[in-house]
Structures are given as structure tokens and as C-alpha cells.
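Counting with numbering that gives the first Met the number 0, you get residues 0 to 250 for the letters of the sequence shown. For glycine and all other residues, C-beta sits at the position ideal for the given N, C-alpha and C. Structure, as C-alpha cells:
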Amino acid sequence: MPLFAWSVLVYSAALIVALSQGAPQRLIIGSLALLSAAMCALTGRRVAATVSAIAAGAVLIASAIAMSQVRCITRLASDGEWRADLESDAAAGDVTHVFVHAGGCSVRATLLVATGRAYAGDRVRVRGHATADPRGLFIEDVQLDSATQASVLLRARVAAGKRIDRIFGTDAGMVRALVIADMSAIPVDQRDRYARAGLVHMLSVSGLHVGIVALALELLASVLRLPRTPARVATLLLLAVYVAGIGAPPP
């Protein structure tokens, strides 16, 4: 199997395992991966050393994500005002799921809207009373105002989500999560089942998903017999557009 494929598989597996563990377990896993990389390098096994180093990097990234998320949740819970980009319509009485932003932090939040109205693709100011939990923030008595049109990329993502809803019906929630990194339509009990199985991060677009897209584009270029260098440049550009279009989620 090519080194690229090994790298994608090992990175994804290490990231998923590390994100499902606590800090002490991540430290042990990362140390073992670094030790393996050093031993393989000393014995001349370059492929094994590279793959082990990638696994160690995935553990470090997982640790940074976990610590950053905890800090951001704690920080944003004490605020009373945030901004958010809506991916679905919201009005008084609605419960909607968004990512709220403030002070350089971005955290998933559940909004219980009290007043105001905004539409999918709008950028709004959110005011309310926040409570922190492991999933992010729960914000009550939400007031929505200062709605403006969000970026072209967000509007394109909203349009893609609506098309997914039309095509996939009851399975749209899962497709949204795996394709455009929108987990808002997945029922809480289903997310909890994935969490108990240690697989919840499979639902978010990460290196595994981007690697699969990259491999698919490489195979397509091969079938079409496109020149190797232009095909790889085009693949990188398409991946960059895709990641930007889904909001460049941290995983």
C-alpha cells in the first residue's frame, strides 16, 4: 500500500483514538508513537518511522484541539453576546444549532430563541444566558439581531445542505455530517451512541474524510489519464476549496 494511504489511515486512526481518550492516555499514546518513530529511524525503517511520526503528530493535534475546546467553552460561557452564522432559519420559539464566535474562539451551541428572526445564510448577533456542558454551550433567552448576509462560502454550504435534504430524505442528517460538516441534524441519542463507542469523531469531517476525497480525485484523474503533475495541482486546489467551503472545521 502506498505511503500516502498508510499515512491517511494511521493519522485518522490515531486522531480518533486520541480524541476519545483523556489527557493521561493521550500522553502515553503520543510518547509510544514518538518512541516508535525514533527506534524505526535508528534502524533504517524509513516508512515505519514516517508513519509513527504521523501518528504522534495526530495525537498532538488531538491534545491541542481538546485543550483549546475546553478553554473556549469556559471563556464563551461567561460572555453575554456572540456572533453566529446560521445554516437554518431561526425565529422566536425555535431551537437551533450553530457555532458561536467571540474573542477568537468558536464553539458549538444550542440556541433557544426568544426574540428575533433570521434566515439560513445570515450572520447574526446573539445575546442570551449561556450554560457550558461537554458538548459546548446551551444559550437561553436568545435575542437575534443585526442580521446581515454571510459569506459566499456559507451560502453555498446552505444550498448544498438543502440539496442533501431533498436527495437523501431521512438519511440527510448523516450525509450532512459526513459531507459538509453539519452535525445539527443528527439526533442527540445517535450522537451519544457514537460517543459511547468512541466513534463520535467519525461524524465530523477530518483528515480521514479529506484523505478519501483526495484518493477519489487521484483515481478519477488516473481513469481520465490526466498528466500527473497538473492532476495533483488540481486535486490540491479542489481540496482547499472544499475545506474552505465546509468552514475549515478544527479536526
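Rounded distance between the beta-carbons of residue j and residue i, thought under 8 Å
i: G21; j: L59; result: Not confirmed; about 15 Å, so no contact.
i: A129; j: I138; result: 5 Å
i: V141; j: L111; result: 6 Å
i: A65; j: L18; result: 7 Å
i: V151; j: R82; result: Not confirmed; about 18 Å, so no contact.
i: A215; j: L143; result: That pair is no contact at about 39 Å.
C-alpha distance - residue i paired with residue j, whole-angstrom precision
i: I185; j: D164; result: 13 Å
i: I51; j: L33; result: It is Ser, not Ile, that sits at residue 51 in the sequence shown. Answer to the nearest angstrom: the Cα atoms are 7 Å apart.
i: R231; j: A117; result: 41 Å
i: A63; j: A101; result: 19 Å
i: T49; j: G160; result: 38 Å
i: L218; j: A13; result: 25 Å
i: A61; j: I27; result: 13 Å
i: S35; j: A54; result: 10 Å
i: A158; j: D84; result: 14 Å
i: G92; j: A40; result: 60 Å
i: T169; j: M38; result: 50 Å
i: A57; j: T114; result: 42 Å
i: V7; j: S221; result: 19 Å
i: Q148; j: V123; result: 9 Å
i: V174; j: F167; result: 8 Å
i: F3; j: V9; result: 10 Å
i: R190; j: A131; result: 18 Å
i: G43; j: P229; result: 33 Å
i: R25; j: L225; result: 42 Å
i: R195; j: E80; result: 33 Å
i: V212; j: D188; result: 29 Å
i: P23; j: V69; result: 16 Å
i: G172; j: V240; result: 22 Å
Beta-carbon contacts of residue i that lie in its chain and below 8 Å, excluding the five residues immediately before and after
i: R156; result: E86, I179, D181, G244, I245, G246
i: W5; result: V46, V50
i: V94; result: T109, L110, L111, V112
i: T234; result: A213, L216, E217, A220
Other residues of its chain near residue i: CB distance less than 7 Å, five sequence neighbours each side excluded
i: C104; result: C71, R74, L75
i: L236; result: none
i: V209; result: L238, V242
i: L153; result: D84, G120
i: S338; result: The structure shown has nothing for residue 338, since the chain only spans 0 to 250.
Extent of the continuous alpha helix (DSSP H) to which residue i belongs
i: S35; result: 22-41
i: G56; result: 45-76
The beta strand (DSSP E) enclosing residue i, as first and last residue numbers
i: R107; result: 104-114
i: A83; result: 80-84
i: A101; result: 94-101
Cutoff 6 Å; reference residue i; Cβ partners in own chain excluding five residues on either side
i: R107; result: F98, G135
i: L207; result: S11
i: L223; result: none
i: D78; result: A101
Cβ-heavy atom distance, residue i to the ligand ADP, below 7 Å
i: W81; result: The model on display carries no ligand, and the ligand ADP is accordingly not part of it.
Checklist entry - Which parts of the segment 117-183 are runs of the beta strand (DSSP E), unbroken and 3 residues or longer, counting only runs that do not cross its ends? => result The segment 117-183 contains these whole beta strand (DSSP E) runs: 121-132, 135-148.
Item to check | Every unbroken alpha helix (DSSP H) inside the segment 215-239 [4 residues or more] | outcome: Within the segment 215-239, no complete alpha helix (DSSP H) run reaches 4 residues.
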